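**Student:**
There are 2 protein chains.
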Amino acid sequence: MSDVRKQPTLHDVARLAGFSTSTTARALGNYGRIAETTREKVRAAADELGYRANPLARSMITGKTKTIGVVCADLSSPFFAEALRGISDVAKGRGYDILIVNTDEDVASERDAVALLRDRHVDGVIVSPADVRQVGHLAALQTPERALVLLDRSSAALDADSVTVDDVSAMTDAVGRLLDAGHRHIGIVTELRIEREADWQSLLGDLDHSERRELNPSSRRLLGYLRAHREHDIPIDPALVARTGATSVDSARSATTRLLDQRAQTGMTAVVTVDNTTSVGAYGAIRDHGLRVPDDLSFIAFDNLDWTTLVQPAVSVIEQPVYALGSRAAEVLLDRLDGTRDTPGEEILLDTRFIERESIRAVQQV
Amino acid sequence: MSDVRKQPTLHDVARLAGFSTSTTARALGNYGRIAETTREKVRAAADELGYRANPLARSMITGKTKTIGVVCADLSSPFFAEALRGISDVAKGRGYDILIVNTDEDVASERDAVALLRDRHVDGVIVSPADVRQVGHLAALQTPERALVLLDRSSAALDADSVTVDDVSAMTDAVGRLLDAGHRHIGIVTELRIEREADWQSLLGDLDHSERRELNPSSRRLLGYLRAHREHDIPIDPALVARTGATSVDSARSATTRLLDQRAQTGMTAVVTVDNTTSVGAYGAIRDHGLRVPDDLSFIAFDNLDWTTLVQPAVSVIEQPVYALGSRAAEVLLDRLDGTRDTPGEEILLDTRFIERESIRAVQQV
DNA sequence: CTGTTAGCGCATTCAG
DNA sequence: CTGAATGCGCTAACAG
Numbered sequence: 001m002s003d004v005r006k007q008p009t010l011h012d013v014a015r016l017a018g019f020s021t022s023t024t025a026r027a028l029g030n031y032g033r034i035a036e037t038t039r040e041k042v043r044a045a046a047d048e049l050g051y052r053a054n055p056l057a058r059s060m061i062t063g064k065t066k067t068i069g070v071v072c073a074d075l076s077s078p079f080f081a082e083a084l085r086g087i088s089d090v091a092k093g094r095g096y097d098i099l100i101v102n103t104d105e106d107v108a109s110e111r112d113a114v115a116l117l118r119d120r121h122v123d124g125v126i127v128s129p130a131d132v133r134q135v136g137h138l139a140a141l142q143t144p145e146r147a148l149v150l151l152d153r154s155s156a157a158l159d160a161d162s163v164t165v166d167d168v169s170a171m172t173d174a175v176g177r178l179l180d181a182g183h184r185h186i187g188i189v190t191e192l193r194i195e196r197e198a199d200w201q202s203l204l205g206d207l208d209h210s211e212r213r214e215l216n217p218s219s220r221r222l223l224g225y226l227r228a229h230r231e232h233d234i235p236i237d238p239a240l241v242a243r244t245g246a247t248s249v250d251s252a253r254s255a256t257t258r259l260l261d262q263r264a265q266t267g268m269t270a271v272v273t274v275d276n277t278t279s280v281g282a283y284g285a286i287r288d289h290g291l292r293v294p295d296d297l298s299f300i301a302f303d304n305l306d307w308t309t310l311v312q313p314a315v316s317v318i319e320q321p322v323y324a325l326g327s328r329a330a331e332v333l334l335d336r337l338d339g340t341r342d343t344p345g346e347e348i349l350l351d352t353r354f355i356e357r358e359s360i361r362a363v364q365q366v
Numbered sequence: 001m002s003d004v005r006k007q008p009t010l011h012d013v014a015r016l017a018g019f020s021t022s023t024t025a026r027a028l029g030n031y032g033r034i035a036e037t038t039r040e041k042v043r044a045a046a047d048e049l050g051y052r053a054n055p056l057a058r059s060m061i062t063g064k065t066k067t068i069g070v071v072c073a074d075l076s077s078p079f080f081a082e083a084l085r086g087i088s089d090v091a092k093g094r095g096y097d098i099l100i101v102n103t104d105e106d107v108a109s110e111r112d113a114v115a116l117l118r119d120r121h122v123d124g125v126i127v128s129p130a131d132v133r134q135v136g137h138l139a140a141l142q143t144p145e146r147a148l149v150l151l152d153r154s155s156a157a158l159d160a161d162s163v164t165v166d167d168v169s170a171m172t173d174a175v176g177r178l179l180d181a182g183h184r185h186i187g188i189v190t191e192l193r194i195e196r197e198a199d200w201q202s203l204l205g206d207l208d209h210s211e212r213r214e215l216n217p218s219s220r221r222l223l224g225y226l227r228a229h230r231e232h233d234i235p236i237d238p239a240l241v242a243r244t245g246a247t248s249v250d251s252a253r254s255a256t257t258r259l260l261d262q263r264a265q266t267g268m269t270a271v272v273t274v275d276n277t278t279s280v281g282a283y284g285a286i287r288d289h290g291l292r293v294p295d296d297l298s299f300i301a302f303d304n305l306d307w308t309t310l311v312q313p314a315v316s317v318i319e320q321p322v323y324a325l326g327s328r329a330a331e332v333l334l335d336r337l338d339g340t341r342d343t344p345g346e347e348i349l350l351d352t353r354f355i356e357r358e359s360i361r362a363v364q365q366v
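Heads up: the protein sequence lines correspond to chains A and B, in order. Counting in full-length UniProt numbering, the first sequence runs from 1 upward without gaps. Counting in full-length UniProt numbering, the second sequence runs from 1 upward without gaps.
#1: If we define contact as Cβ-Cβ less than 8 Å, is Ile188/B a contact residue for chain A?
#2: Quick check: the Cα distance between Glu211/A and Thr257/A, rounded to an integer number of angstroms?
#3: Cα separation between Ser327/A and Leu151/A?
#4: Kindly indicate if chain A contains any beta-carbon less than 8 Å away from that of Asp97/B.
#5: For the candidate residues Ile348/B, Val272/B, Ala14/B, Glu347/B, whose alpha-carbon lies nearest to that of Val315/B?
#6: Thinking just about the alpha-carbon of each residue, which of Ala157/B, Asp250/B, Ala46/B is nearest to the one in Arg26/B?
#7: Note down the Cα distance separating Arg357/A from Tyr283/B, rounded to an integer number of angstroms.
#8: Buried or exposed: where does Ala170/B fall if 16 or more other Cβ atoms within 10 Å of its Cβ makes it buried?
#9: Might you give, ordered along the chain, the residues of its own chain that have their beta carbon closer than 8 Å to the beta carbon of residue 375/A, omitting 5 neighbours on each side?
#10: Enumerated in chain order, which unbroken segments of the alpha helix (DSSP H) with a length of 4 residues or greater are wholly contained in the region 281 to 351 of chain B?
#11: Is Trp307/A close to chain B, meaning its C-beta is less than 8 Å from at least one C-beta of that chain?
#12: In whole angstroms, give me the CA-to-CA distance for Leu116/B and Val70/B.
#13: Which first and last residues belong to the beta strand (DSSP E) in which Glu191/B is found?
#14: Do we get a CB-CB distance below 8 Å when we pair Arg225/B with the residues of chain A?
#15: Measuring only the C-alpha atoms, how far is Leu203/A from Gln364/A?
#16: List, in chain order, every chain B residue whose beta-carbon is nearer than 8 Å to that of Asn304/A.
#17: What are the partner residues of Phe354/A, as DSSP defines its beta bridges?
#18: Would you call Gly290/B buried or exposed, if buried means 16 or more other Cβ atoms sit within 10 Å of its Cβ?
#19: Between which two residues does the alpha helix (DSSP H) harbouring Arg258/A extend?
#20: Quick one: is Gly124/A buried, meaning 16 or more other Cβ sit within 10 Å of its Cβ, or exposed?
#21: May I ask you to report which of helix, strand or coil DSSP gives Gly69/A?
#22: Could you give the C-beta distance for Asp167/B and Thr352/B, rounded to a whole number, given that I count them as a contact under 8 Å?
#23: Here's a check: name, in chain order, each residue in its chain whose Cβ is nearer than 8 Å to the Cβ of Ile348/B, leaving out the five neighbours to either side.
#24: Can you name, in chain order, every residue of its own chain whose Cβ lies under 6 Å from the Cβ of Tyr51/B, other than the five neighbours on each side?
#25: For Pro78/A and Arg227/B, I'd like the C-alpha separation in whole angstroms.
#26: Indicate whether at least one CB of chain B lies closer than 8 Å to the CB of Arg82/A.
#27: State whether the region 57 to 67 of chain A contacts the region 15 to 25 of chain A, with contact taken as three or more CB pairs (one from each stretch) at a distance under 8 Å.
#28: Taking C-alpha atoms, which residue in Arg341/B, Ser359/B, Ala108/B, Arg263/B lies nearest to Leu148/B?
#29: Mind listing the chain B neighbours of Tyr283/A? Cutoff is C-beta to C-beta under 8 Å, in chain order.
#30: Determine the direct distance from the alpha carbon of Arg292/B to that of Gln312/A, and round the result to whole angstroms.
#31: Pick from Ala362/A, Arg146/A, Ile100/A, Leu138/A: whose alpha carbon is nearest that of Ala156/A?
#32: Between Lys92/B and chain A, is any beta-carbon pair separated by less than 8 Å?
#33: What are the start and end residues of the alpha helix (DSSP H) that includes Ile360/B?
#34: Cα separation between Ala81/B and Arg85/A?
#35: Which residue comes first and which comes last in the alpha helix (DSSP H) that contains Ile61/B?
#36: Our contact map puts Ala73/A next to Glu105/A with C-beta atoms below 8 Å; I'd like the distance itself, whole angstroms only.
Below, the structure written as structure tokens:
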């Protein structure tokens, strides 16, 4: 018995209430001057008809859609899922809906995504750029009307708010702990898919001037690793840096396996990773190799996921506030849209925390 | 130097090309009859201006938005994140965008979500209903124009397509394996938040007539557990059924702890769980209790997540094709919208798979 | 094959 | 404080 009548329109309400459409619109929209009695009559009529405003029509005029676009590399990753939840909770609380687009960490796909969101007139966009140096399409998105907030990544090429963690310091600290514990040959499993070979060289050559905001997270974390070594006056062995070809557990797993196979030559006694994907892959490879953590190898994971306390001994981790990253990004974005926020683009850093568990063993100095 | 000019409209293109707006629209929209030369000229003009159609205006007329709404209980759960990825990939491939709403597994919130999606004129909705018996708001959503597909849950009260796994059988099979291995006191950690106490009683009392489509997944899985016992002529001990109060790891953890504390009385030698949340919580509780799997307790998890192979010994699991659940739901939905699919609502069952690992130990019969 | 006319549902001038 | 008129950008009849 579904009702075949079309949805009632403002016009219908107006007729029933005995007012013009414009008065009706004012009564319902709480704008302009309106008599209290009128408002009540109109509301009664609207309720009676079950009237609901058509957001499409409204958007045509106002130019606003009460929608924010979220573009992410991989919806199914624990990191993004959690961050998205943060975004969603805040957006919902403030009356905004969310349009999501998945890009597979591909710049071309990201360009399409951005075009799509612009076409659909989203009021703002939260994005975790595939490459922080190819952001022309993101810059083009910014207008006085349309806000842009970067999530998990910041870009020197963009005057936009960003919400990230200080992962360079976080990693410098974590690797420093390993160094303090006597480790001299620490492996790292990272992603350098986008960056060119030259970048890796220049990263090595210029630890001081490397700018956070010109590097993707995994490179920033590698920079932290490198700096920790320099602070401790320990030379870097390039053979200990495993770069994965893709953002996948399998890719991380095989990169780690290579690291493990060369243990006889490198003398590696510890491994660190740069995100949840590399953490899972690396830990799996260590297991497959029949090595025990921390007896045979010390290990630090990035991101405090469930499994790190389920395995035994539990894994020490660098924790980042993933939900808060998302919720904060949404808050900043909506503040811009409200006009509550009018400062230049700001780089917001959330705190990481090192959680010590049982995956690190001190090593005897020779 | 962002361009301050507004986006060019169809009108602008028409003027530049020297045609009327309707001809221009036809040329660009590939509909109606149009001369090839005209089309080319119009296209050239459109390119020159960088014209992009305004989907809002289009939607006002066509009533279509090329958008599908996805309403889920918890975006941050691994299950939903993965399924959402499946939905997203298919939708993107077929030119649809996704509006997501999170409901926290709350029926009232789901009602709002549905209203919101209707207001926004989404072409279709994929939903994992909070309660498969309170679905009036979902029924109201269905029109010849607007399709509805249920994900992970089916409902007897709704004539809609659903994409699920046959979890009753999956669980009957898994528990059957435990029973075959000699276990006689098997604990189960499940969620019965929504169902009333009476339901639990009636489930127990009427194993045959309990209809899959009147139960939420966790209850369906419990039903599988009960049926396995009956098939093996093993009595059921209600003390072995731990019900969590909420969908959270902590809740599952403490429910499991209660089960563990009563081991002396119940003689429990194995535990099964009903989804990834209960799996993580239960496994954590077992660990905390200082029990070894499978030496002290056998264990079967639901969902083949990374951690089940990271822990040692690896955990045997009931695997369900999560990504496919999402992608399939999207396909079915879009087929409906295309008119490719015109049959009555269908219940699509995807296969689960039992993955045998090392978390089950045979038990000596007395 | 192309142009004219109308209007989707609403917000927003401007008069009254 | 209220109403009439206008138009957001586009598609859909209908003529021609």
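Just so it is clear, CB atoms sit at the ideal spot from N, CA and C, and this is done for glycine as well. Note that the coordinates shown come from a computational prediction; the quantities given were computed from them, not determined experimentally.
**Tutor:** Looking at the coordinates:
#1: no
#2: 31 Å
#3: 10 Å
#4: yes
#5: Val272/B
#6: Comparing alpha-carbon positions, the option among Ala157/B, Asp250/B, Ala46/B lying closest to Arg26/B turns out to be Ala46/B.
#7: 18 Å
#8: buried
#9: A query on residue 375/A cannot be resolved here, the shown segment of chain A reaching from 1 to 366 and no further.
#10: The region 281 to 351 of chain B contains these whole alpha helix (DSSP H) runs: 307 to 310, 322 to 338.
#11: Closer than 8 Å: yes.
#12: 11 Å
#13: 186 to 191
#14: In the sequence under discussion, the amino acid at residue 225/B is Tyr, which differs from the Arg named in the question. Not one chain A Cβ lies under 8 Å of Tyr225/B.
#15: Going by C-alpha positions, Leu203/A is about 30 Å away from Gln364/A.
#16: By Cβ distance, chain B contributes nothing, its closest Cβ being about 13 Å from Asn304/A, past 8 Å.
#17: Ile318/A
#18: exposed
#19: 249 to 261
#20: buried
#21: strand
#22: 7 Å
#23: Here the set comprises Asp161, Ser162, Val163, Thr164, Arg328, Val332.
#24: Pro8, Val13
#25: 35 Å
#26: Arg is not the amino acid found at residue 82/A; the sequence shown has Glu there. Yes, contact with chain B.
#27: no
#28: Arg341/B
#29: Leu310
#30: 11 Å
#31: Cα-wise, what sits closest to Ala156/A is Leu138/A.
#32: Closer than 8 Å to some Cβ of chain A, the Cβ of Lys92/B qualifies, so yes.
#33: Here Ile360/B belongs to no alpha helix (DSSP H), and DSSP marks it neither H nor E.
#34: 10 Å
#35: Annotation: the continuous alpha helix (DSSP H) that includes Ile61/B extends over 55 to 62.
#36: 4 Å
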